[in-house]
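Chains as they are written, first to last, in my numbering: chain A, 119 to 448; chain B, -2 to 91.
Structure, rendered in C-alpha cells:
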C-alpha cells in the first residue's frame, strides 16, 4: 500500500565499483533506455541492485508496519460490514508485504536478513505509520489520503525497469483501489452525519493531510539520488511532480465532502490548473524518520513482540516438517 | 529461527481450460504449508481454481548469458511462420 521515496537527505551517493566495465554499464543503460525489463538473473550494476534491494525492502517493511495503525481499530469498527472490510484491508497489507519481500529476494537478499534489519531498526519504513489512529475517522482518512498517496507513487512503479518489482506492483495496485474507495466512503458517511461526526472527519483530515504530503519524500531540490533512479527507470516521476498530482486530485474530493483542507495557502492557479499549497514542515518529516515520531517506539515494540510471540509456532512447524520428512524416508 | 524456510514458487490456474501461470513465491516449512500460504497470499480475490507449488531449488532455468545461443537460431527461420508463404488470393482461405 505504501511507499516513500528513499532519497532521504544525508544518504550517500552510490559509487560504481571497479569490476564493472564501462562497456557493461553502457550496454545495461541501452537495455534500460529501450524499455527492456531487467530480470533477476540478468547482469546489473551493483548500485542498481543495492538501490532496488533498499527500496523494495523498505516498501515491504512499510506494508507490514502499516498493519498496525489500522489493526488498532479492528475490534472497534462501528459495524460488522466495516469490520469485515477493515479485516480484508489489513490482510491485503500483509499480502503486499509478502509480494514485495519475494521481489527483493530475487536480488539475492534473504527474507531473514530483511526481517532482522527491520527489527534492529537498521531498515526504514514509511514515516506515515508513526502517527496514531485516534478516532474511527482516521481509518477513513488513511484509506482516502494515505492509500491515495501510495497509489500515486505506485502506479508508475508498475513500469519500473526491474521485472519482479514491476509485477509485484501491478498486483498491489489492483488491490489498492478498494483501499482508497473504502476510506473515502467512510469519510463520506461521516461528513454527511451529525455535527460530531463531521467534526471527527475534519479532525482526521487536519491530522493526516500534511503527513500524507510528506509521503512523497523530500522536495526535488533536496532529493539526493533521484537522478540516478530516474536514469535507471526505477523512478518515473520526481517527488514534487507526484505530490502535485496528488494535491490536484485530492482537493476537489475534500470539497465534495464539504471538508476544509488545513492549509491557508491552498489556492487554485487558474492558468496552470494546479493547486498551490503551503510550505511542508520538513523538520517534522526528518524528526519522524529519525525515530522521534509519536509512535515510532510503539510500532517497533509491537513488531518485535509479534516476532517473539510467533517463535513457538515456527519452531513447531519446523519440528512437524522434520518428523513428516523422517517418516517418509523410513 | 536461524535460517529461512525453503522458498516455493507458486503457479495458479485462474479457471478451468487455462494453464497454470507463475504468480509469485512463498516460504514454508513443508509442502502442505506452502499450499496453504499460496492460497492465503495469492487467491484472496478468486484468482484461482488450482494451485501448484514447487520448491524453487527444484527449478532448472536457462542462463541469460546463453540466450543468444539458445534463442537466436530461431530468429532467421521465418519460413516456420505461415505468413512467409505467398498463396494466390483465388485459392481462398488456407
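C-beta: ideal position from N, C-alpha, C; glycine also.
Looking only at DSSP bridge pairs, what is residue i linked to?
| i | result |
| --- | --- |
| residue 49(B) | 8(B) |
| residue 386(A) | 393(A) |
| residue 22(B) | 6(B) |
| residue 280(A) | 156(A) |
Determine the direct distance from the alpha carbon of residue j to that of residue i, and round the result to whole angstroms.
| i | j | result |
| --- | --- | --- |
| residue 233(A) | residue 387(A) | 46 Å |
| residue 436(A) | residue 72(B) | 49 Å |
| residue 18(B) | residue 156(A) | 20 Å |
| residue 119(A) | residue 145(A) | Unreliable placement is indicated for residue 119(A), whose pLDDT of 46 sits below 50; no coordinate value is reported for it. |
| residue 260(A) | residue 326(A) | 7 Å |
| residue 360(A) | residue 337(A) | 11 Å |
| residue 391(A) | residue 215(A) | 36 Å |
| residue 231(A) | residue 313(A) | 50 Å |
| residue 383(A) | residue 283(A) | 38 Å |
| residue 34(B) | residue 59(B) | 28 Å |
| residue 439(A) | residue 445(A) | 10 Å |
| residue 425(A) | residue 10(B) | 33 Å |
| residue 376(A) | residue 262(A) | 15 Å |
| residue 54(B) | residue 28(B) | 13 Å |
| residue 297(A) | residue 306(A) | 14 Å |
| residue 175(A) | residue 272(A) | 15 Å |
| residue 153(A) | residue 432(A) | 42 Å |
| residue 441(A) | residue 447(A) | 10 Å |
| residue 257(A) | residue 198(A) | 15 Å |
| residue 374(A) | residue 301(A) | 14 Å |
| residue 397(A) | residue 341(A) | 16 Å |
| residue 413(A) | residue 420(A) | 11 Å |
| residue 36(B) | residue 173(A) | 27 Å |
| residue 456(A) | residue 148(A) | The displayed coordinates of chain A run from 119 to 448. Any statement about residue 456(A) would go beyond what the structure contains. |
| residue 357(A) | residue 85(B) | 59 Å |
| residue 166(A) | residue 79(B) | 42 Å |
| residue 293(A) | residue 281(A) | 19 Å |
Count the other CB atoms within 10 Å of the CB of residue i; is the residue buried (16 or more) or exposed (fewer)?
| i | result |
| --- | --- |
| residue 185(A) | buried |
| residue 125(A) | With a pLDDT of 40 at residue 125(A), under the threshold of 50, the predicted position of this residue should be treated as unreliable, and no value is reported. |
| residue 242(A) | buried |
| residue 410(A) | exposed |
| residue 207(A) | buried |
| residue 385(A) | exposed |
| residue 47(B) | exposed |
| residue 254(A) | buried |
| residue 159(A) | exposed |
| residue 100(A) | There is no way to answer for residue 100(A), as the model of chain A reaches only from 119 to 448. |
| residue 350(A) | buried |
| residue 428(A) | exposed |
| residue 91(B) | exposed |
| residue 264(A) | buried |
| residue 62(B) | exposed |
| residue 13(B) | exposed |
| residue 103(A) | Outside the displayed span of chain A (119 to 448) sits residue 103(A), for which this structure offers no information. |
| residue 295(A) | exposed |
| residue 66(A) | No information on residue 66(A) is available, as it lies outside the stretch 119 to 448 that chain A covers here. |
| residue 202(A) | exposed |
| residue 220(A) | buried |
| residue 45(B) | buried |
| residue 344(A) | buried |
| residue 227(A) | buried |
| residue 347(A) | buried |
| residue 83(B) | exposed |
Apart from the five residues just before and just after residue i, which ones in its own chain have a Cβ nearer than 7 Å to its Cβ?
| i | result |
| --- | --- |
| residue 31(B) | 5, 23, 25 and 50 |
| residue 417(A) | 183, 186, 247 and 248 |
| residue 363(A) | 270 |
| residue 223(A) | 229 |
| residue 316(A) | 308 and 309 |
| residue 354(A) | 274 and 277 |
To the nearest whole angstrom, what separates the beta carbons of residue i and residue j, a pair I think is in contact under 8 Å?
| i | j | result |
| --- | --- | --- |
| residue 225(A) | residue 290(A) | Not a contact, Cβ separation roughly 18 Å. |
| residue 236(A) | residue 177(A) | Actually they are not in contact, since the Cβ atoms of residue 236(A) and residue 177(A) sit about 12 Å apart, beyond 8 Å. |
| residue 352(A) | residue 137(A) | With a Cβ gap of about 22 Å, residue 352(A) and residue 137(A) do not count as contacting. |
| residue 276(A) | residue 288(A) | 5 Å |
| residue 286(A) | residue 217(A) | 4 Å |
| residue 75(B) | residue 81(B) | 5 Å |
| residue 204(A) | residue 191(A) | 6 Å |
| residue 209(A) | residue 41(B) | 7 Å |
Leaving aside the five residues before and after residue i along the sequence, list all residues of the same chain whose C-beta is less than 8 Å from its C-beta, in chain order.
| i | result |
| --- | --- |
| residue 372(A) | 323, 378 and 379 |
| residue 38(B) | 7, 21 and 23 |
| residue 455(A) | A query on residue 455(A) cannot be resolved here, the shown segment of chain A reaching from 119 to 448 and no further. |
| residue 245(A) | 122, 329, 332, 333, 403, 406, 407 and 411 |
| residue 1(B) | 24 |
| residue 339(A) | none |
For residue i, I'd like the list of residues in its chain whose CB is within less than 6 Å of its CB, leaving aside the five on either flank, ordered along the chain.
| i | result |
| --- | --- |
| residue 365(A) | 393 and 395 |
Does the ligand GDP have even one heavy atom less than 7 Å from the beta-carbon of residue i?
| i | result |
| --- | --- |
| residue 354(A) | This structure simply doesn't include the ligand GDP, nor any ligand for that matter. |
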